[in-house]
Amino acid sequence: MKVFNKGNLLSISGLILFYIIFQILLSTGILDTYIELNIILICINIILAVGLNLITGFTGQFSLGHAAFMSIGAYTSAIITAKLGQPFFVGIILSGIISALAGIIIGIPTLRLRGDYLAIATLGFGEIVKIIALNIDYIGGAIGFNDIPQYTNWTWAFGMTVLAVVLIKNFLNSYQGRACIAIREDEIAAEAMGINTTYYKVLAFAIGAFFAGIAGSLYANYFYFIKPDSFDFMKSIDILVIVVFGGLGSITGSIIGAIVLSVISLLLQSVSDLRMIIYALILFGIMLFRPTGLMGNQEFKIFKKGVNANDSAKG
Amino acid sequence: MEQVIQQLINGISLGSIYALMALGYTMVYGIINLINFAHGDIYMIGAYIGFALTTFLNLGFFPSLIISMAVTSLLGVVIEKIAYKPLRKSARITALITAISISLLLEYTMMYFAGPQARTFPKVLKSKSISFLKGNVIMDIKNIYILMITLILMIALQCIVKKTKMGKAMRATSFDSEAAELMGINVDKVISFTFAIGSALAGAAGVLVGIYYNTINPLMGSLPGLKAFVAAVLGGIGTIPGAVLGGFSLGMIETIVSANGGSIYKDAVAFLILIIVLLLKPNGLLGKSIKEKV
Numbered sequence: 098m099k100v101f102n103k104g105n106l107l108s109i110s111g112l113i114l115f116y117i118i119f120q121i122l123l124s125t126g127i128l129d130t131y132i133e134l135n136i137i138l139i140c141i142n143i144i145l146a147v148g149l150n151l152i153t154g155f156t157g158q159f160s161l162g163h164a165a166f167m168s169i170g171a172y173t174s175a176i177i178t179a180k181l182g183q184p185f186f187v188g189i190i191l192s193g194i195i196s197a198l199a200g201i202i203i204g205i206p207t208l209r210l211r212g213d214y215l216a217i218a219t220l221g222f223g224e225i226v227k228i229i230a231l232n233i234d235y236i237g238g239a240i241g242f243n244d245i246p247q248y249t250n251w252t253w254a255f256g257m258t259v260l261a262v263v264l265i266k267n268f269l270n271s272y273q274g275r276a277c278i279a280i281r282e283d284e285i286a287a288e289a290m291g292i293n294t295t296y297y298k299v300l301a302f303a304i305g306a307f308f309a310g311i312a313g314s315l316y317a318n319y320f321y322f323i324k325p326d327s328f329d330f331m332k333s334i335d336i337l338v339i340v341v342f343g344g345l346g347s348i349t350g351s352i353i354g355a356i357v358l359s360v361i362s363l364l365l366q367s368v369s370d371l372r373m374i375i376y377a378l379i380l381f382g383i384m385l386f387r388p389t390g391l392m393g394n395q396e397f398k399i400f401k402k403g404v405n406a407n408d409s410a411k412g
Numbered sequence: 211m212e213q214v215i216q217q218l219i220n221g222i223s224l225g226s227i228y229a230l231m232a233l234g235y236t237m238v239y240g241i242i243n244l245i246n247f248a249h250g251d252i253y254m255i256g257a258y259i260g261f262a263l264t265t266f267l268n269l270g271f272f273p274s275l276i277i278s279m280a281v282t283s284l285l286g287v288v289i290e291k292i293a294y295k296p297l298r299k300s301a302r303i304t305a306l307i308t309a310i311s312i313s314l315l316l317e318y319t320m321m322y323f324a325g326p327q328a329r330t331f332p333k334v335l336k337s338k339s340i341s342f343l344k345g346n347v348i349m350d351i352k353n354i355y356i357l358m359i360t361l362i363l364m365i366a367l368q369c370i371v372k373k374t375k376m377g378k379a380m381r382a383t384s385f386d387s388e389a390a391e392l393m394g395i396n397v398d399k400v401i402s403f404t405f406a407i408g409s410a411l412a413g414a415a416g417v418l419v420g421i422y423y424n425t426i427n428p429l430m431g432s433l434p435g436l437k438a439f440v441a442a443v444l445g446g447i448g449t450i451p452g453a454v455l456g457g458f459s460l461g462m463i464e465t466i467v468s469a470n471g472g473s474i475y476k477d478a479v480a481f482l483i484l485i486i487v488l489l490l491k492p493n494g495l496l497g498k499s500i501k502e503k504v
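Chain order of the listed sequences is V and Y. Each residue of the first sequence is one higher than the one before, counting from 98 in my numbering. Each residue of the second sequence is one higher than the one before, counting from 211 in my numbering.
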């Protein structure tokens, strides 16, 4: 398998071009700070959605507590950058690692549960994290954590998004990734084939939590201020909605889902009274008329031929 | 000692409300395997209907309770027909997201029309407290009403499920819906009936919580809804006695934790107990374990 084949080179140059165009547009002020804020929010949502898609869409483990990992990452990064004065990349890496550790700790016992029981256990975990954060005075408690230095910019957000997407995409093409997909398809059959299901479920959970932590870190260091209520059950649902809307088991679906839903909620800002009602109706309509989400479990391909050649090279 | 009895009384009242809601969750889950996230909002609507009837029409407590139950059961059936029926064959997660969208729709539609502010529920029951044990234990007439109504509704439910033909059809459908259909049971009708009963119980719980706490707001359903689901899982989802046991235990646990100075942690304790119970007994306290077949 060649790393620098035609398809990969095309994608890399496309990404660099995309980055430079936005960097120029943002630094010259053609796109104002309000749009920058929304672009960074989209990046954070993509990271969260891709991570949750690995857990729910590819490994088939139904998690309703993804925002808890984001919360852990956000608070870790806030403590490291604001209280301890460390540089941002220390904060971002440690947020990821601590969230992943939390994922492992909560994953080992709960991933024995199946389906809705796992969902409700992770939901409980999310609420517990929120309530603990509400009651620790060191991190501000219910008032929230103030004065976090603003380090997140387009470069960090874009870099982390690309990192998350590429890592998870490559993970899914690896031996471990195929084991995860096998668990989704049929857990008992996978186990019979000699796959250590608990190990791979926890692995997928830890990777998803790692990126949720990074997303939390980006969030905390962009908005100066975080509070436990920002990472409640509804936030987990928001992430899940992006994943299902885009299509379970489709990385590009998650990216498109994050962008489309962010744009929809941006457009609905003008009718703030009816915003949630319209949002609920759109969600309902999508589920009714396209239950598999926008992309199903297909990937979106522009360079069909190139990518296919790429796939066969990998296979 | 007095303290313990007092907490017991408060715990039973709170537990009754959780138990009534948990019954709706458990019946719907038992029949179509759906976590009906909109259930908590049906409870909210029940509370608002009770509020409107008692405040604007000056109806008494019992007429309001019955009308509220009737309207919410109709609402439950309509939601099932419009939202869940077309998705019965699709993936569980799709149905779940639909349930969440219905929940958001109900919450924010109510907020749009009734306003986001909390409303004060009128005092329809004459406040009469009975104190005993040298006045150390106070029991309000509200507590007795809540417990009695809950018990009556539960006995009625038990009769419906165990004695009537519809109840038999419900049990058959929850056991194996395909086989039930082959035996000539109209599964659609059974599901609608289940939603009607579950929603009526949630509506009753809404009115009861209105007279208990005297305040209602459009988002009041989301956290109690989750906790009632926790109660249903705690007792073993799909089993009716389990929902009752789970509801009362959750109410007790919350009251005990609050009474011992941990009121800020009471939700965390409820969820922690849920996780522990699930780890030790994955099917809940009274749930039957199901063997997996390949």
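Where a beta carbon is used, it is the ideal one built from N, C-alpha and C, also for glycine.
N-terminal and C-terminal residue of the alpha helix (DSSP H) that residue i is part of
i, result
"M392(V)", "It is not in any alpha helix (DSSP H) - M392(V) carries neither H nor E in the DSSP assignment."
"D350(Y)", "From DSSP, D350(Y) is part of no alpha helix (DSSP H) but of the beta strand (DSSP E) over 347-350."
"I144(V)", "130-149"
"Q183(V)", "Here Q183(V) belongs to no alpha helix (DSSP H), and DSSP marks it neither H nor E."
"N105(V)", "103-124"
"K266(V)", "251-270"
"R372(V)", "372-386"
"D213(V)", "212-231"
"F458(Y)", "450-467"
"V368(V)", "Element bounds for V368(V): n/a, residue is neither H nor E."
"M321(Y)", "302-324"
Three-way DSSP call (helix, strand, coil) for residue i in this model
i, result
"R329(Y)", "strand"
"S334(Y)", "According to the sequence as given, residue 334(Y) is Val; it is not Ser. In the structure shown, V334(Y) sits in coil (DSSP, three-state: anything other than H, G, I, E or B)."
"T360(Y)", "helix"
"S192(V)", "helix"
"T282(Y)", "helix"
"N407(V)", "In this prediction, N407(V) has a pLDDT of 42, which is less than 50 and means its spatial position is unreliable; nothing more can be read from the coordinates."
"S341(Y)", "strand"
"T173(V)", "helix"
"F242(V)", "strand"
"I323(V)", "strand"
"L436(Y)", "helix"
"I426(Y)", "strand"
"F247(Y)", "coil"
"G204(V)", "helix"
"Q158(V)", "coil"
"F397(V)", "coil"
"K402(V)", "Residue placement at K402(V) is poorly supported in this model, since its pLDDT is 45, which falls under 50; the coordinates still yield a value, given next. Three-state result, K402(V): helix."
"V340(V)", "helix"
"I219(Y)", "helix"
"F100(V)", "Reading off the sequence, residue 100(V) comes out as Val, not Phe. Here V100(V) sits in coil by DSSP."
"I292(V)", "coil"
Residues near residue i in its chain [Cβ-Cβ closer than 7 angstroms; skip 5 each side]
i, result
"A301(Y)", "none"
"N346(Y)", "E212"
"L297(Y)", "T304, A305, T308"
"L128(V)", "L122"
Residue range of the unbroken beta strand (DSSP E) whose run includes residue i
i, result
"I474(Y)", "Segment: none, I474(Y) is in no beta strand (DSSP E) and carries neither H nor E."
Whole-angstrom C-beta distance between residue j and residue i, which should lie under 8 angstroms
i, j, result
"S283(Y)", "G413(Y)", "7 angstroms"
"L345(V)", "T219(V)", "Contact flag wrong, Cβ pair sits at about 16 angstroms."
"G286(Y)", "A406(Y)", "6 angstroms"
"L367(Y)", "L233(Y)", "7 angstroms"
"I255(Y)", "G416(Y)", "7 angstroms"
"T360(Y)", "A229(Y)", "6 angstroms"
"G250(Y)", "L436(Y)", "7 angstroms"
"I311(V)", "G193(V)", "5 angstroms"
"L149(V)", "I374(V)", "That pair is no contact at about 25 angstroms."
Contacting residues, own chain, Cβ-Cβ under 8 angstroms from residue i (five flanking each side not counted)
i, result
"Y318(Y)", "P428"
"S473(Y)", "V467"
"I361(V)", "Y376, I379"
"I236(V)", "Y172, A175, I176, A230, F242"
Contacting residues, own chain, Cβ-Cβ under 6 angstroms from residue i (five flanking each side not counted)
i, result
"T258(V)", "C140, I143, I144"
"M167(V)", "A309, A312, G313, F328"
"A441(Y)", "Y228, A232, G456, G457, L460"
"N396(Y)", "none"
Should the segment 203-214 of chain V be regarded as contacting the segment 175-188 of chain V, the criterion being three or more beta carbon pairs within less than 8 angstroms?
-> no
Within the chosen definition, does the segment 345-358 of chain V reach the segment 386-400 of chain V through at least 3 CB pairs nearer than 8 angstroms?
-> yes
Segment contact flag, the segment 130-147 of chain V with the segment 247-259 of chain V, C-beta cutoff 8 angstroms, min 3 pairs = yes
Are at least three pairs of beta-carbons, each pair with one atom in the segment 105-117 of chain V and one in the segment 299-309 of chain V, less than 8 angstroms apart?
-> no
Okay, do the segment 265-278 of chain Y and the segment 441-457 of chain Y touch, 3+ Cβ pairs below 8 angstroms being the bar?
-> no
Are the segment 160-171 of chain V and the segment 278-291 of chain V touching, with three or more C-beta to C-beta distances below 8 angstroms?
-> no
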